[in-house]
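2 protein chains.
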Amino acid sequence: MGLVERKIREKEELKDSILKAAKKLFLERGFEKTSIRNIADEIEYSPGIIYHYFKDKNEIFHALHTEGFQEMGKRMGILSAIVDPMSRLRAMGKIYIEFGLENQDMYDLMFIIEAPIDHVETRDDLCWSEGDSSFNQLRLTVKECMQKGHFQGHRLEALSFMIWSTVHGMVSLKIRKRVNILEVSEVENIVENSYQSFLMVLDKL
Amino acid sequence: MGLVERKIREKEELKDSILKAAKKLFLERGFEKTSIRNIADEIEYSPGIIYHYFKDKNEIFHALHTEGFQEMGKRMGILSAIVDPMSRLRAMGKIYIEFGLENQDMYDLMFIIEAPIDHVETRDDLCWSEGDSSFNQLRLTVKECMQKGHFQGHRLEALSFMIWSTVHGMVSLKIRKRVNILEVSEVENIVENSYQSFLMVLDKL
DNA sequence: TTGGAAAATTAAACACTGTTCAATTATATT
DNA sequence: AATATAATTGAACAGTGTTTAATTTTCCAA
């Protein structure tokens, strides 16, 4: 009769509006300063209602972190057009860093803040699927590079993690404000410049 | 007359006991779950007293983060015995990683948590001296390597930051629980193995 | 030894936080 | 229209960092 469906859709709409409000406030004020009451105020409902749509605050921010992966995934889309795995690997790192610097709070949520990963741990399946498929993209590209003769003597898993660590290290030191110790003239573009150093390193492998 | 001195010492003792209690609770339960009231309970004083010794919670954890740098500095002490800068650089990374993995909460405070760095920003001098002198140790070693002909074509500041980023990335991904996506057989020793990959990379430069 | 100034310490309050749950309101079905 | 079901609320609980007025303790000069 369509009525039930409309109800379900309306329920989904409220869930969506909670997520939208949470995202808005999170991007404005950060994780710690976005409270359940703030979110409730934003959607003009009472705080209690939120717990009928989400188990707890962690679940809300897990949902947001998933949105972050979707956005990053979109950006990574162009990679499929790059046939040469080494070029693809370079582009992948560039996109990763650009995404991180342009969406610092989302990056924080995806790779630094504990809330989303704590939520994953409290579930039955307990697998971080978003991280898993992202890392797998990297792993596969590195594998292709190795099949073409690059990175000789390296082990796939360890090298892939090292590459991820390097770009994550750059972005997270920046996000968590540990880069002000660098020479003032370098601070501004340190991540980009440092990634250039990294690319030079990759070339020699 | 010595009395004034004793008073000063007693004041310092209370300040120290606050720090000791804060450290104990922090290492037991983490940053978020260590409250001013918890610390006050631990030292058997009322919560208010803490604000006569520290401006706010950030200042307490800035003091703790400084202790972390002292401990790491101690470990780095043996580096002065290593004459060859490349060997010294390798050892530096190893010590950094070992320190991070063996003192995850302290590492968190030093390089991930915002509290200590937020406190630095609210002061007049606003320089992160602990980070500065640590990074300078790295910078000087990399410089020596370059003077010996290594890392040709690289820029000192960018390369030093890249090296720091790589080890920081490894440790921080581990601490913030983003490594469970790796092959199960690799998770355990991924940081160490990945650092081995990094050393192989350094060798080729 | 005592009086009063100075310092140390406390208790209470403020405005928050995440979360739970009984009570209420709104909706849907018979 | 009455009832069953679902949606929503408001109040409460136990906690948070921080401030401030009031209290206690300590110190020193008379």
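Residue numbers (numbering that gives the first Met the number 0), protein chains in the order written: chain A, 0 to 204; chain B, 0 to 204. Note that the Cβ used here is the ideal one computed from N, Cα and C, for glycine as well.
Extent of the continuous alpha helix (DSSP H) run through residue i
{"i": "D202 of chain B", "result": "I189 to D202"}
{"i": "G168 of chain A", "result": "L155 to I174"}
{"i": "T121 of chain A", "result": "Per DSSP, T121 of chain A belongs to no alpha helix (DSSP H) and is neither H nor E."}
{"i": "F60 of chain B", "result": "K56 to M75"}
{"i": "I96 of chain A", "result": "P84 to E101"}
{"i": "E179 of chain A", "result": "Residue identity check: residue 179 of chain A is Asn in the sequence provided, not Glu. It is not in any alpha helix (DSSP H) - N179 of chain A carries neither H nor E in the DSSP assignment."}
{"i": "S184 of chain B", "result": "V183 to V186"}
{"i": "E41 of chain B", "result": "I35 to I42"}
For residue i, the three-state DSSP class (helix, strand or coil)
{"i": "H149 of chain A", "result": "coil"}
{"i": "F134 of chain B", "result": "helix"}
{"i": "V3 of chain B", "result": "Residue confidence for V3 of chain B is low, a pLDDT of 49 falling below 50, so the modelled location carries little weight; the figure read from the coordinates is stated next. Three-state DSSP puts V3 of chain B in a helix."}
{"i": "P18 of chain B", "result": "Checking the sequence, you will find Leu at residue 18 of chain B rather than Pro. Residue state, collapsed to three classes: helix."}
{"i": "G29 of chain A", "result": "coil"}
{"i": "E143 of chain A", "result": "helix"}
{"i": "F53 of chain B", "result": "coil"}
{"i": "I48 of chain A", "result": "helix"}
{"i": "E12 of chain B", "result": "helix"}
{"i": "E129 of chain B", "result": "helix"}
Proximity below 7 Å, CB of residue i to CB of residue j
{"i": "S164 of chain A", "j": "M161 of chain B", "result": "no"}
{"i": "K203 of chain B", "j": "K203 of chain A", "result": "yes"}
{"i": "S171 of chain A", "j": "S171 of chain B", "result": "yes"}
{"i": "V103 of chain B", "j": "I174 of chain B", "result": "This sequence places Gln at residue 103 of chain B; Val is not what is there. Their beta carbons are under 7 Å apart, which means Q103 of chain B touches I174 of chain B by this criterion."}
{"i": "I180 of chain B", "j": "G76 of chain A", "result": "no"}
{"i": "A157 of chain B", "j": "N188 of chain A", "result": "no"}
{"i": "G92 of chain A", "j": "V166 of chain A", "result": "yes"}
{"i": "N37 of chain A", "j": "L18 of chain A", "result": "no"}
{"i": "T140 of chain A", "j": "L88 of chain A", "result": "yes"}
{"i": "R74 of chain B", "j": "I94 of chain B", "result": "yes"}
Anticipated Cβ contact below 8 Å, residue i with residue j, distance rounded
{"i": "L13 of chain B", "j": "F60 of chain B", "result": "The pair is not a contact, with the Cβ atoms about 18 Å apart (cut-off 8 Å)."}
{"i": "H149 of chain A", "j": "M85 of chain A", "result": "6 Å"}
{"i": "W127 of chain B", "j": "I116 of chain B", "result": "6 Å"}
{"i": "R138 of chain B", "j": "S159 of chain B", "result": "5 Å"}
{"i": "I35 of chain B", "j": "S16 of chain B", "result": "Incorrect: roughly 14 Å between the Cβ atoms, too far for contact."}
{"i": "M71 of chain A", "j": "F110 of chain A", "result": "10 Å between Cβ atoms; not a contact."}
{"i": "L63 of chain A", "j": "K22 of chain A", "result": "6 Å"}
{"i": "K142 of chain B", "j": "L155 of chain B", "result": "6 Å"}
{"i": "N57 of chain B", "j": "A114 of chain B", "result": "5 Å"}
Practice task
Mind the definition here: the segment 77-85 of chain A touches the segment 118-127 of chain A only if three or more C-beta pairs lie below 8 Å; say whether that holds.
Solution key: Output reads no: the segment 118-127 of chain A does not touch the segment 77-85 of chain A.
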